[in-house]
Amino acid sequence: MKSIHISKPKAWRNSAFVLAGAALTLSFLLSSRTNAADTGAVHAPIVFSGGHETDPRDRGRPVALVAGALGVPPDVFREAFRHVRPAPAGTRPDPNQAQRNKQALLDALSQYGVTNERLDEVSNYYRYVRSRGEMWPTKPAEGYALVKNGVVVGYVVTNGGSGYSSAPEISVPSVPGAAGKAEISFSKTDFDQNGAVSAIATAR
Numbered sequence: 075m076k077s078i079h080i081s082k083p084k085a086w087r088n089s090a091f092v093l094a095g096a097a098l099t100l101s102f103l104l105s106s107r108t109n110a111a112d113t114g115a116v117h118a119p120i121v122f123s124g125g126h127e128t129d130p131r132d133r134g135r136p137v138a139l140v141a142g143a144l145g146v147p148p149d150v151f152r153e154a155f156r157h158v159r160p161a162p163a164g165t166r167p168d169p170n171q172a173q174r175n176k177q178a179l180l181d182a183l184s185q186y187g188v189t190n191e192r193l194d195e196v197s198n199y200y201r202y203v204r205s206r207g208e209m210w211p212t213k214p215a216e217g218y219a220l221v222k223n224g225v226v227v228g229y230v231v232t233n234g235g236s237g238y239s240s241a242p243e244i245s246v247p248s249v250p251g252a253a254g255k256a257e258i259s260f261s262k263t264d265f266d267q268n269g270a271v272s273a274i275a276t277a278r
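In structure tokens form, the structure reads like this:
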């Protein structure tokens, strides 16, 4: 049987060629940048430590995480919490007092778009009893250092983790004295990205 060849319009062929060329160029540029940073570098595992400290004013409450999940600045949540009367440690609040506490928070936070449902969701997620040795939900970050000639020249975060209320300390066991400064970011839409390590800068 004789095959039939259907010609594509010239304009279509030209557009496809241009798009393919652009994609190839972009791929080349991205790979070139990655290779430039990685060329000749050894990947050394990073150790993340700490990062779960809280402000003394908050008495153990992870305000940075709670505020991040609610989408408000920490000081806004602190001001709202000033009107709350928490129950003594290890006890449950009286139901009426608990309702008054929630209403006090909503009165202050609703103007920022915080709903009753979201306040409950965030409060329940980060609730823990410190006296029992508990900790709010956390996931450790992961990454590696780029080492050239025994010196750390950069860091790569492969998994930002979550639940960091403060920047964790960075060390590279295979490079004594090496250090980096972690940056953390917060998310009001995803607990798994709230309090995550977003970048690491080389120490100066």
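Residue 133 in this note's numbering sits at position 59 of the sequence shown, with consecutive numbering throughout.
All C-beta atoms in this analysis are idealised placements derived from N, C-alpha and C, irrespective of residue type, glycine included.
Since the structure is predicted, the reported quantities are computational estimates derived from the model, not experimental observations.
Near residue 110, what residues of its chain come up, given a Cβ to Cβ distance below 7 Å and the 5 sequence neighbours on each side ignored? With a pLDDT of 44 at residue 110, under the threshold of 50, the predicted position of this residue should be treated as unreliable, though the coordinate-derived value follows. Closer than 7 Å at Cβ, skipping near neighbours: no residue.
Using the Cα positions of residue 126 and residue 223, report the straight-line distance between them to the nearest angstrom. 33 Å
Measuring CB to CB, does residue 240 end up less than 9 Å from residue 267? no
Which ranges would you report for the alpha helix (DSSP H) in the segment 178 to 238 if only whole runs of at least 4 residues count? 190 to 199
According to DSSP, what are the bridge partners of residue 259? 270
Below 9 Å between beta carbons: does that hold for residue 261 and residue 142? yes
Helix, strand or coil: how does DSSP classify residue 254 here? strand
Exposed or buried, which one is residue 136 when buried takes at least 16 other CB atoms within 10 Å? buried
Quick check: what's the CA-CA separation for residue 210 versus residue 277? 29 Å
Spatial neighbours of residue 208 in its chain, beta-carbon cut-off 7 Å, leaving aside the 5 residues before and after: 202
What is the rounded straight-line gap between the Cα of residue 146 and the Cα of residue 186? 7 Å
Just verifying my parser: in three-state terms, what is the DSSP assignment at residue 118? strand
Where DSSP assigns a beta bridge to residue 128, which residues make up the other side? Answer is none; residue 128 lacks a bridge partner.
Beta carbon of residue 232 nearer than 9 Å to that of residue 243: no
If you check the beta carbons only, do residue 246 and residue 115 fall under 9 Å apart? no
What whole-angstrom Cβ distance do residue 175 and residue 159 have, given they're in contact under 8 Å? 6 Å
Take residue 249 and list the residues in its own chain whose beta-carbon comes closer than 8 Å to its own, dropping the five residues that flank it on each side. 118, 219, 221, 224, 225, 226
Near residue 129, which residues of its chain fall below 7 Å by C-beta distance, leaving aside the five closest residues on each side in sequence? 137
Would you decide whether residue 124 is buried or exposed? Buried here means 16 or more other CB atoms lie within 10 Å of its CB. exposed
Relative to the C-alpha of residue 183, which candidate in 275, 238, 140, 168 has its C-alpha closest? 140
Report the three-state DSSP secondary structure of residue 97 (helix, strand or coil). Residue placement at residue 97 is poorly supported in this model, since its pLDDT is 44, which falls under 50; the coordinates are not used for a value here.
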